[in-house]
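**Student:** Pasting in a structure now, in structure tokens, and then I'll have a few things to ask.
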Amino acid sequence: MKNEQLDLPEEEINVDQSDCNADKLAELFLRAENAKGSYLTPFDRLLLEFLYTKQVVINTEELWMTLKRTGVKISIATVQLCLNRFHRCGLLGKQKLEGEKKHCYSFIN
């Protein structure tokens with residue numbers, strides 16, 4: 017029997033990046049709910065999604081101003097409360113940058 021090569025069209029496998037990100041975000045929300053011990057508020061979800069997708073190191077005031085510029089009505093106290101809660105849960109890192117007086121938060125992978 018001869019080795020014959022079949023000419024079959026190759027199938028392309030397209031993985032939509034937004035589906036992967038949505039799955040990772042859903043996994044993050046589940047992890048956050050478990051760490052928090054209760055459901056996530058819309059503000060919790062908003063802050064986690066922002067920090068996860070942007071991968072920034074940001075302080076409370078900068079985050080609050082960024083959200084305000086995008087039209088989100090949220091108080092700075094709510095931003096601080098959410099950031100501190102997720103820091104205690106181990107989802108966010110908290111650090112004081114060189115020469116800065118305020119703590120900055122970032123997402124921990």
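For the sequence shown, counting from 1, position 71 maps to 87 in this note's numbering; every step adds exactly one.
The beta-carbon is built from N, C-alpha and C at its ideal position, and this holds for glycine as well.
On a predicted model such as this, the values are computed, not experimentally measured, just so you know.
#1: Between which two residues does the alpha helix (DSSP H) containing residue 83 stretch?
#2: Assuming contact is defined by CB atoms lying nearer than 8 Å, are residue 59 and residue 98 in contact in what I supplied?
#3: Please report how far the alpha carbon of residue 112 lies from the alpha carbon of residue 120, in whole angstroms.
#4: What does a CB cutoff of less than 7 Å around residue 52 pick up in its chain, not counting 5 residues either side in sequence?
#5: Quick check on the burial criterion: 16 or more other C-beta atoms within 10 angstroms. Buried or exposed for residue 76?
#6: To the nearest angstrom, how far is the alpha carbon of residue 74 from that of residue 64?
**Tutor:** Taking the structure as given:
#1: In the sequence shown, residue 83 corresponds to position 67, counting from 1. In the DSSP assignment, residue 83 falls within the alpha helix (DSSP H) that extends over 76 to 85.
#2: What you label residue 59 is simply residue 43 of the sequence shown in a count that begins at 1. What you label residue 98 is simply residue 82 of the sequence shown in a count that begins at 1. Contact: yes.
#3: Here residue 112 corresponds to residue number 96 of the sequence shown, with the count starting at 1. Here residue 120 corresponds to residue number 104 of the sequence shown, with the count starting at 1. Straight-line Cα distance between these residues: approximately 6 Å.
#4: Along the sequence shown, one-based indexing puts residue 52 at 36. Excluding sequence neighbours, residue 52 sits near 101, 105.
#5: The residue given as residue 76 occupies position 60 in the sequence shown. Flag for residue 76 reads buried.
#6: Walking along the sequence shown from the start, residue 74 turns up at place 58. Walking along the sequence shown from the start, residue 64 turns up at place 48. Going from the Cα of residue 74 to the Cα of residue 64 covers about 13 Å.
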